[in-house]
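These notes concern the structure reproduced below.
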Amino acid sequence: MAGDDYWHAPFGGSFSANFTVASDYSYAGISQTQLGPAFQAGLDYTSADLGLGLPASLYVGVWGTNVAFPNTGNDIELTISGGARLRAFANRLTVDLGYVRYAYPGVDAAFGYDYGELSATVGYNFGFASVNARLRYSPDSFANSGPSWNKRALVNVPLPFLTLADTVTFATYATVGNVWVEKFLTYGIPGNDYWYWQFGLTATVKSFALSLAYTGTSIDPEGCGNTAYCSGRFFVSLTKTF
Numbered sequence: 038m039a040g041d042d043y044w045h046a047p048f049g050g051s052f053s054a055n056f057t058v059a060s061d062y063s064y065a066g067i068s069q070t071q072l073g074p075a076f077q078a079g080l081d082y083t084s085a086d087l088g089l090g091l092p093a094s095l096y097v098g099v100w101g102t103n104v105a106f107p108n109t110g111n112d113i114e115l116t117i118s119g120g121a122r123l124r125a126f127a128n129r130l131t132v133d134l135g136y137v138r139y140a141y142p143g144v145d146a147a148f149g150y151d152y153g154e155l156s157a158t159v160g161y162n163f164g165f166a167s168v169n170a171r172l173r174y175s176p177d178s179f180a181n182s183g184p185s186w187n188k189r190a191l192v193n194v195p196l197p198f199l200t201l202a203d204t205v206t207f208a209t210y211a212t213v214g215n216v217w218v219e220k221f222l223t224y225g226i227p228g229n230d231y232w233y234w235q236f237g238l239t240a241t242v243k244s245f246a247l248s249l250a251y252t253g254t255s256i257d258p259e260g261c262g263n264t265a266y267c268s269g270r271f272f273v274s275l276t277k278t279f
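Taking the working numbering, I'd label the letters of the sequence shown as residues 38 to 279.
Encoded structure:
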């Protein structure tokens, strides 16, 4: 989020918020809305510098979206996250250690949908491109499916040679990742692991970001409940930050 979009908050920290409308919501390449639209909002708090010799801060956030699962229909997903972020080399290097909790209010607890993940991310901004690698681990993942690992790499490249106006900037990005789950049938996939990917183009105008992206997985329709929820597809999203 742009620095001038932050709200000043207690203890020298800052708040920021975001709202997104998207044609589909995917997690690790699998549609969570049965290919339907998603309406999402988030609120984040970042503390002031902790004064540890290197720029470091704490953060906490909450984010929500609509979802639609075959067993439960239309529901809400709430994601609560918190952690610590360390920066070095003129803020080019970022190390993020955190915890993420996924909750589905109103869904019968017997489904076991609520779960948590430990998260570690390392990123570096080279100027011409930024890259990061993220690792997440859950001791008992979605639907009581046991331990899981989610590994993902991302590269983001600004495109300064694309110009429409002084206030419009463009960037392209690509991600590739792998999910491994112990009880894969309970999780809803045909094997212990699968690959997922996404690449797209984003146009940013002040506090608005419009993205066109393509996402998909290595799971065929038969392994995805005879649906296209895991298949390659385009989606669009519009995000406003505050």
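Glycine included, every Cβ here is placed at the ideal spot set by N, Cα and C. For clarity, every value in this text was computed on a predicted model and none was experimentally measured.
By how many angstroms is the C-alpha of residue j removed from the C-alpha of residue i?
| i | j | result |
| --- | --- | --- |
| THR212 | VAL144 | 31 Å |
| ASN162 | ALA147 | 44 Å |
| ASP61 | LEU72 | 5 Å |
| ALA85 | ALA46 | 9 Å |
| PRO258 | ALA265 | 6 Å |
| ILE226 | ALA105 | 17 Å |
| TRP234 | ALA65 | 8 Å |
| PHE78 | SER53 | Here the sequence assigns Ala to residue 78, which means Phe is not the residue at that position. Their backbone Cα atoms lie some 11 Å apart in a straight line. |
| LEU130 | GLY90 | 15 Å |
| TYR82 | ASP133 | 15 Å |
| THR276 | SER244 | 8 Å |
| GLY40 | SER63 | Because the pLDDT at GLY40 is just 44, under 50, the model does not fix this residue reliably, and the point stays unresolved. |
| ASN111 | THR223 | 20 Å |
| LEU87 | GLY49 | 10 Å |
| VAL205 | LEU247 | 11 Å |
| GLY164 | PRO107 | 43 Å |
| ASN128 | LEU196 | 21 Å |
Report all residues from its chain with a CB closer than 6 Å to the CB of residue i; omit the five preceding and five following residues, and keep chain order.
| i | result |
| --- | --- |
| LEU115 | GLY101 and ALA140 |
| CYS261 | CYS267 |
| ARG173 | GLU154, SER156 and ASN187 |
| PHE56 | ALA78 and LYS277 |
| SER68 | ASP61 and TYR266 |
For the alpha helix (DSSP H) containing residue i, name the first residue and the last one.
| i | result |
| --- | --- |
| LEU222 | 221–224 |
Contact check, residue i vs residue j under 8 Å by CB: the rounded distance?
| i | j | result |
| --- | --- | --- |
| ALA250 | GLY269 | Their Cβ separation, rounded to whole angstroms, is 11 Å, which puts ALA250 and GLY269 out of contact at 8 Å. |
| THR239 | ALA208 | 5 Å |
| GLU219 | GLY183 | 4 Å |
| ALA121 | ALA157 | That belief does not hold up - the Cβ atoms of ALA121 and ALA157 are roughly 11 Å apart, past 8 Å. |
| ALA190 | ALA166 | Actually they do not touch by this definition, with Cβ atoms about 13 Å apart. |
| TYR152 | SER178 | 5 Å |
Tell me whether residue i sits in a helix, a strand or coil according to DSSP, three-state version.
| i | result |
| --- | --- |
| PRO142 | coil |
| GLY260 | helix |
| ASN55 | strand |
| ALA147 | helix |
| PHE165 | coil |
| PHE272 | strand |
| ALA180 | helix |
| PHE279 | coil |
| PHE76 | strand |
| GLY160 | strand |
| SER248 | strand |
| SER255 | coil |
| SER84 | coil |
| SER60 | coil |
| TYR266 | coil |
| ARG173 | strand |
| THR200 | coil |
| GLY90 | coil |
| THR131 | strand |
What span of residues does the beta strand (DSSP E) with residue i cover, start to end?
| i | result |
| --- | --- |
| SER94 | 93–106 |
| ASP230 | 230–242 |
| ASP112 | 110–125 |
| ALA46 | Note, ALA46: premise wrong, no beta strand (DSSP E); not H, not E. |
| PRO195 | 185–195 |
| ALA208 | 205–218 |
Residues in its own chain within less than 7 Å of residue i by CB, not counting five upstream and five downstream?
| i | result |
| --- | --- |
| TRP217 | SER185, TRP186, ASN229 and ASP230 |
Under 7 Å, Cβ to Cβ, is there at least one residue of chain C near residue i?
| i | result |
| --- | --- |
| SER60 | Of the protein chains in this structure there is only one, and it is not chain C. |
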